[in-house]
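Trainee: First to last, the sequence lines map onto chains A and B.
Residue numbers are given in this note's numbering: position 274 of the first sequence equals residue 274, and the series is strictly consecutive.
Residue numbers are given in this note's numbering: position 635 of the second sequence equals residue 1635, and the series is strictly consecutive.
2 protein chains.
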Amino acid sequence: MEQDVFDKKIDIIFNPESIAIIGASADPAKPGGTPVSSLVENGFRGNVYPVNPGYEKIGGLKCYPSIEFVPGEVDVAIIAVPANRVVNVLHECARKKVKAVIVLTSGFSEVGNSGREMQEEIVRLTKESGMLLCGPNSQGIFNALNGMSAGFAISKLQTGDDNFKFYGFVSQSGGFGTAIYLMSSETGIGFTYFVSSGNEAGLSFSDYLAYMINDKNTKVVGGYLEGVKDGRKLFHAADMALKNEKPLILIKAGRHAAAAKAAASHTGSLVGSDSVYTSFFHQKAIIRVEGIEELTTVLSVLAAGRPLPKGNRIAIVASSGGSGVLLSDKCVSAGLEVVPFTEITRKKLDEILPSFGSSANPVDTTSQILVEPDLLLKPLKIVLDDTNIDMVIYEHWPGLGRNFTLLDGVIEAANATEKTLMVSMLGSELLGGEEFQYLRTHRVPVARTQDRAVRVLGHVTQYSRRIKEIRAAKDIKMPLKNIDSNRVKRLLEGTKPGQALSESLSKQILLAYGIPLAPEGSAQNLKTALKIAHDIGFPVAIKIDSPDIQHKTDAGGVKLNINTDQELGAAFAEIIENVMKYKPGAHLDGITVQKMLKGGTECIIGVKNDEVFGPTVLFGLGGVFVEALEDFSLRVCPITPLDAREMVSEIRGHRLLTGFRGAPPADREAVYDVILRVSQLAMDFKELKEIDINPLVVFQQGVCAADALMIM
Amino acid sequence: MEQDVFDKKIDIIFNPESIAIIGASADPAKPGGTPVSSLVENGFRGNVYPVNPGYEKIGGLKCYPSIEFVPGEVDVAIIAVPANRVVNVLHECARKKVKAVIVLTSGFSEVGNSGREMQEEIVRLTKESGMLLCGPNSQGIFNALNGMSAGFAISKLQTGDDNFKFYGFVSQSGGFGTAIYLMSSETGIGFTYFVSSGNEAGLSFSDYLAYMINDKNTKVVGGYLEGVKDGRKLFHAADMALKNEKPLILIKAGRHAAAAKAAASHTGSLVGSDSVYTSFFHQKAIIRVEGIEELTTVLSVLAAGRPLPKGNRIAIVASSGGSGVLLSDKCVSAGLEVVPFTEITRKKLDEILPSFGSSANPVDTTSQILVEPDLLLKPLKIVLDDTNIDMVIYEHWPGLGRNFTLLDGVIEAANATEKTLMVSMLGSELLGGEEFQYLRTHRVPVARTQDRAVRVLGHVTQYSRRIKEIRAAKDIKMPLKNIDSNRVKRLLEGTKPGQALSESLSKQILLAYGIPLAPEGSAQNLKTALKIAHDIGFPVAIKIDSPDIQHKTDAGGVKLNINTDQELGAAFAEIIENVMKYKPGAHLDGITVQKMLKGGTECIIGVKNDEVFGPTVLFGLGGVFVEALEDFSLRVCPITPLDAREMVSEIRGHRLLTGFRGAPPADREAVYDVILRVSQLAMDFKELKEIDINPLVVFQQGVCAADALMIM
């Protein structure tokens, strides 16, 4: 691990013993008023100090003219004064040795240059004084476990049994986060902490996330994410969640460049590439959901504290053939398997269903349920017992269960099983609110549409599978022998940022990291070229080797299929002439004489430094695949052996490597090995901004890098 | 048009003057009881004759012991007797000269062999007597315009202004269809007709659809579709809808084979290929929705009778930066463009928004709306006036508008604009039911989630664009000259079903349809082969031409790059020897001597006969693209010039044809022409079950078919 992402110091901002509200108001609707009244109402047990020279008292609490008059220590100060007074107030806080400030005030980097300068001043000041900084432009920090409502927008924290408060959330949008908090709470989703991270001038999204991941009260962590500046920190926080097997669920905006730009101007984060985020989410088993409804539905599954699906085999109990078929479709799309029932199950179902129903999977109870609603409940219990089944989706027709006896049966079934049970409401734009709420408060997973029910089962199944895969993959050992990083250090001596390394230097670096090259040599004259050709055997290819020429073919600097001494002589002269014409004065390191490779499949392995996450590795097939078909896979470094395998298998063209049309399968193990070595190289030498092995030729046995380019 | 899909006779089943219910019951909850009471309650003005020997009267109506005792004519008989009595009852109906029967009874083909035989008997009987047959296993036919509720499950038809009944629906699932009817009705979607088509032993899904498409009262037609047997009829019905510019919206189950099989066993339809259905939907601008909620939301847009979006430029008005960004993302994914506002709009917005809000698109009104809800309404009106904008999505925060004054403003704005306005409810699992209902009944398009709001705007925008495209494409004339179908007729004389045609015969057929071939000739001996080679010039390729050998390369029957007479002689002898070894006794039509083609891009054009839709054309790039990457496009014949263009542009690898990496662009016009000719050939000669041009080589100018195979 490069750095410790979890900073224990942060605890003070979630668990202070005293809070001052600077810019306190007697109007509970104002940002400076909400915390004063709500801290008391939510039962916060620490000291609460309103600060405002205009009041003697607010809501029964003594009000101080400035923070310096507050008796005793102040752990957290909430700042709700106008923007132009924030800096002064922070000076006062620093003098008072306040440990953390939550700046609710808006009007900083989000409004342009003037605000940006003020924000920089705030950063300087808090850094110097060692105060933790949340915001500015935050809507606050909330802890439902100690009644701390240090912000506005949310005034009433969740009450009730702390055991059912399991979920922590960080939002990069105040309003949207508040909507998530309120609407989740209403459907029985219990929170531990909620943070509106604002402009993140001090503490960042990743900091709060890491805190919650480390917190024993929080079982599930989520966030609304537009983008981060500290991708590595987020990477390590996610790694920690993965190790603790604590689910991490994110809504991530910015799939498309336009939205990403809007988000970046909104939060001041980097735009970042959504495809890198997507790869990162996959690597770290992060559940990416599309909106509030999907989020709360995933939470409704995780909230129950029941085991996750052990496999992907699903049973469907529907009240009509049509909706059963439609659900099957959606299940298959979500990676679930609608499997046949056991004989015993079929028999039991046949005994209770009408002859025109179906005891196959999906179960069709038919419209007979209109007169006999119990017909839905009995099959549910039967299929939950089927040993072929990992989870059940049960379709509830709103209206049928208005008397709730049917739902009581569903709740009983959910409590009695070790399998995942999801209730899907049929076509419930309007109806079913009460039933939905009834199930949620009884902690039965429920979704208001087929789509959402199935997508969410897909998410949790994928998460469960992924966790197991990653756990199992720890046993895949691919130790990287023959790596000589000192040699690379020496090879890179004297190179400068921005410099393109020549093909031969790039290849020496690959060699030092144990990556096989094509049989070849570098020649400064024809005589040496001929000697190399005789050593490695005709046919050969020759290529210009110059740091000044990156596109060798365009420069006329490549000749293929050379079979004789004569041909080699002519080609040698010709490419030197071509290159001199193409770029007079280009520095020539020599001419590479390379064995023409027969057969094999051409691949590309590349490294790019992502502005957010740092080094990332790309894999694809050579030729037109990466560029014209955009068929490639991507991972953030460091890459695990599991990642390397997946990178190869997930490209659309992977069949070309597994023995397409009777061809022998390519040596994929050797490809995994090169991917891992390249990842190691990129992590060890972050100064290598780009690495490009194109092509890496993959044979039935072994691989070799036929060309390489690196840029500092 | 091959056939007239609209049968005027069908009208009687929707507009009868008299209805008998055979198996009538006094219990309105029973299938035989519901129509008796509900026909009266719904105000059906024709005669209603309950038939059941067990009753004197039902609900004030005289009840007859059998249909023969009914006085006067019976247009429609609803059959609700037990399965084993249906045949007898139908005999009675035939004698009574009943015009149409709706068989509600289940227990026919859907329960297996015994039922299937009874169903065949029903089909025979109704055909002989000329009675129209709906069902069996139907839940009925409903007409909200004349109060005809001829079935069960739906007892109460929609009342109110007939002008707002605009939508007709056909469902292949009774229960699911009923759910759609009930839930749509509840949210203010007005129906004309609703049909539960049952087992479709007589009238089919396509028949009902065609009726509604032709009906002047029905403005929009929809269906729940699992599969049809008569794909051509569906194709022509869709064509009619397209010509009338009447939107057709379908929920189609069976994306995946497993679900398709469940559907097929459910309705007795053919499994069909979902990719062919998908192509067909695109060709005919059919809107495919994923479920009930998406369906009713599309209807909420179309119901308003307002113009469809004129373009794809959208404005977003959201109450938080976060949800605006998320909406932008979803819009881009749905093919909508989140464009910049005009300067005037920006200025107007800046005047009313807080400094930390955003007057860019998406508009961020900020959490200031909590104290000033009007801040949402003002920007809505401003952006609706922006000339850059075709439609607006307006995010409503449930709870804010509880007093409905805000919503009244939205309704007013919707009524005053010629643009599409969609209200999206923020995170509304539970809240917002009343507001949703309020907007629906005021015919303002509204969706309960961001996803649905955006998907639906995507659908209607795509529909609107597609209609315009198809209208405009009528001007693309690509007359197919030089087609000699008589020659093909002669060429096919004496061929048999299942027979593979030789390469040379296949090529003669292509030639007769004006498709260019590579320069070549057929030789029976080496002398002729040499002559052909000299005529067309070396280098040449030679290939065995035999109807018995389809995989020429596998048989060693192909030699490429032949440069001299000597080489030709050796190759000629060799491939004959290879083929004799590979398949002794194979009939040889000769050896094809073909010019080696230089350059060009290899494509594949194929025809397959789909079991549902008949001839379909496939297009893709040659080599590994179609098979290993599954990169191809598909259309149902006949293909329009617009289809042909789209087939080429929609494959992932299309950049390889438009001038990739500085290569000259390929002659796509020539490709379109070949696709159209192949489509014509497939339509003219349906006995050609498979056509395979692989490769069609596409040059900078022109194309030529280098190999061809046809199967009868």
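Every residue, glycine too, gets a C-beta built ideally from N, C-alpha and C.
Quick caveat: nothing in here was measured; it's all calculated off a predicted structure.
#1: Output, in chain order, the set of chain A residues within a Cβ distance shorter than 8 angstroms of L1377(B).
#2: For the segment 446–469 of chain A, list every residue whose C-beta sits within 8 angstroms of some C-beta in chain B, in sequence order.
#3: Cβ of Y1277(B) less than 7 angstroms from any chain A Cβ?
#4: DSSP three-state call for I1549(B): helix, strand or coil?
#5: Does H1396(B) come out as helix, strand or coil in the three-state DSSP assignment?
#6: Excluding five sequence neighbours on each side, which residues of the same chain lie with their C-beta closer than 8 angstroms to the C-beta of E1002(B)?
#7: Is it the case that the segment 690–698 of chain A contacts the segment 600–610 of chain A, given that we only count it when at least three CB pairs across the two stretches are under 8 angstroms?
#8: Give the straight-line distance between the Cα atoms of I532(A) and Y672(A), rounded to the nearest whole angstrom.
#9: Per DSSP, Y1181(B) forms a beta bridge with which residues?
#10: Let me check one thing: in DSSP terms, what residues is K1252(B) bridge-paired to?
#11: Out of T1366(B), G1494(B), L1511(B), L1629(B), which has the shortest C-alpha to C-alpha gap to S1485(B)?
#12: Should V332(A) be flagged as near chain B, meaning a C-beta pair shorter than 7 angstroms?
#13: Taking Cβ to Cβ, would you say G291(A) is nearer than 7 angstroms to D1451(B)?
#14: For G175(A), collect the residues of the same chain with a Cβ closer than 7 angstroms to its Cβ; drop the 5 residues on either side in sequence, then sort them by chain order.
#15: Note the first and the last residue of the continuous alpha helix (DSSP H) segment covering Q987(B).
#16: Need the endpoints of the beta strand (DSSP E) that G458(A) sits in, please.
#17: What is the DSSP secondary structure of P50(A), reduced to helix, strand or coil?
#18: Identify the contact partners of D329(A) in chain B, using a Cβ-Cβ distance below 7 angstroms as the criterion.
#19: Beta-carbon within less than 6 angstroms of K1310(B)'s beta-carbon, same chain only, minus the 5 sequence neighbours each way: which residues are those?
#20: Applying the criterion that 16 or more other CB atoms from any shown protein chain within 10 Å of the CB defines a buried residue, is A472(A) buried or exposed?
#21: Does any CB atom of chain B fall closer than 7 angstroms to the CB of T345(A)?
#22: In chain order, what residues of the same chain have a beta carbon less than 8 angstroms from the beta carbon of D1684(B), not counting five sequence neighbours either side?
#23: Starting from I1562(B), trace the beta strand (DSSP E) both ways and give me its first and last residue.
#24: Who pairs with C1603(B) in a beta bridge, going by DSSP?
#25: Counting along the chain, where does the beta strand (DSSP E) carrying Q1499(B) start and finish?
#26: At what residues does the alpha helix (DSSP H) containing T973(B) begin and finish?
#27: Please report how far the alpha carbon of A1020(B) lies from the alpha carbon of G1498(B), in whole angstroms.
#28: Could you check whether S522(A) and T592(A) sit closer than 7 angstroms to each other, using their CB atoms as the reference points?
#29: Spatial neighbours of A571(A) within its chain, please: CB distance less than 8 angstroms, with the 5 preceding and 5 following residues excluded, ordered by chain position.
#30: Are Y1463(B) and A1303(B) close, meaning C-beta to C-beta below 7 angstroms?
#31: Let me know if I1102(B) comes out buried or exposed under the rule of 16 or more other beta-carbons within 10 Å of its beta-carbon.
#32: Residues in the segment 158–178 of chain A with C-beta within 9 angstroms of chain B's C-beta atoms, listed in sequence order?
#33: At a Cβ cut of 8 angstroms, what residues of the segment 1645–1668 of chain B count as close to chain A, listed as they run along the chain?
#34: Anyone know if the C-beta pair for A253(A) and L1457(B) falls short of 7 angstroms?
#35: Just to confirm the assignment: which complete alpha helix (DSSP H) runs, minimum length 4, are found wholly within the segment 127–211 of chain A?
#36: Can you name the start and end residues of the alpha helix (DSSP H) that I389(A) belongs to?
Mentor: Taking the definition as stated:
#1: At a C-beta separation below 8 angstroms, L1377(B) has no neighbours in chain A, since its nearest C-beta there lies roughly 17 angstroms away.
#2: Under the 8 angstroms Cβ criterion, the segment 446–469 of chain A contributes R448, T449, Q450, D451.
#3: Using beta-carbon distances, Y1277(B) does not count as an interface residue toward chain A, since no partner is under 7 angstroms.
#4: Coil, per DSSP.
#5: In the displayed model, H1396(B) falls within a strand according to three-state DSSP.
#6: Legend: pLDDT at E1002(B) = 42, less than 50; position of this residue unreliable, value from coordinates given subsequently. Within its own chain, the residues whose Cβ lies closer than 8 angstroms to the Cβ of E1002(B), once the five positions on either side in sequence are excluded, are R1232, H1236, listed in chain order.
#7: Result yes; three or more Cβ-Cβ pairs closer than 8 angstroms.
#8: Roughly 30 angstroms separates the two Cα atoms.
#9: Beta-bridge partners of Y1181(B) (DSSP): none assigned.
#10: DSSP lists L1225(B) as the beta-bridge partner residues of K1252(B).
#11: When only C-alpha atoms are compared, the closest one is L1511(B).
#12: Interface residue, yes.
#13: Yes, the pair counts as a contact, with Cβ atoms nearer than the cut-off.
#14: Spatial neighbours of G175(A) in its own chain (CB-CB distance under 7 angstroms, excluding positions within 5 residues in sequence) are not present.
#15: Because chain B in this structure spans residues 1001 to 1712, residue 987(B) falls outside the shown range and cannot be described.
#16: Where G458(A) is concerned, there is no enclosing beta strand (DSSP E), although the alpha helix (DSSP H) it sits in stretches over 450–473.
#17: Of the three classes helix, strand and coil, the one that applies to P50(A) here is strand, per DSSP.
#18: By Cβ distance, chain B contributes A1253, G1254, R1255, H1256, A1259.
#19: Excluding sequence positions up to five before and after K1310(B), its CB lies within less than 6 angstroms of the CB of D1390, all in the same chain and listed in chain order.
#20: Classified as exposed, A472(A) has fewer than 16 neighbouring CB atoms from the shown chains inside 10 Å of its CB.
#21: Among the residues facing chain B, T345(A) is not included, as its CB has no counterpart in that chain under 7 angstroms away.
#22: A distance below 8 angstroms between beta-carbons, with the five flanking residues on each side excluded, links D1684(B) to the following residues of its chain, in chain order: S1485, V1488.
#23: Here the beta strand (DSSP E) through I1562(B) covers 1558–1562.
#24: Note: C1603(B) sits in a beta bridge opposite L1621(B), L1696(B).
#25: Judged by DSSP secondary structure, Q1499(B) falls outside any beta strand (DSSP E); it is assigned neither H nor E.
#26: Past the edges of chain B, shown from 1001 to 1712, lies residue 973(B), and the structure says nothing about it.
#27: Using only the alpha carbons, I get a separation of about 51 angstroms.
#28: T592(A) is a Cβ neighbour of S522(A), given a cutoff of 7 angstroms.
#29: Excluding five sequence positions before and after A571(A), the CB atoms of its chain that fall closer than 8 angstroms to its own CB belong to I542, K559, I562, given in chain order.
#30: Against a cut-off of 7 angstroms, the Cβ pair of A1303(B) and Y1463(B) comes out as no contact.
#31: Residue environment analysis places I1102(B) among the buried positions, since at least 16 neighbouring C-beta atoms fall within 10 angstroms of its C-beta.
#32: From the segment 158–178 of chain A, only S171, Q172, S173, G174, G175, F176, G177, T178 have a Cβ closer than 9 angstroms to chain B.
#33: Of all residues in the segment 1645–1668 of chain B, only R1652, G1653, R1655, L1656, F1660, R1661 come within less than 8 angstroms of chain A when Cβ atoms are compared, listed by chain position.
#34: No. Outside cutoff.
#35: Those alpha helix (DSSP H) runs which fall completely within the segment 127–211 of chain A and span 4+ residues are 174–186.
#36: Element bounds for I389(A): n/a, residue is neither H nor E.
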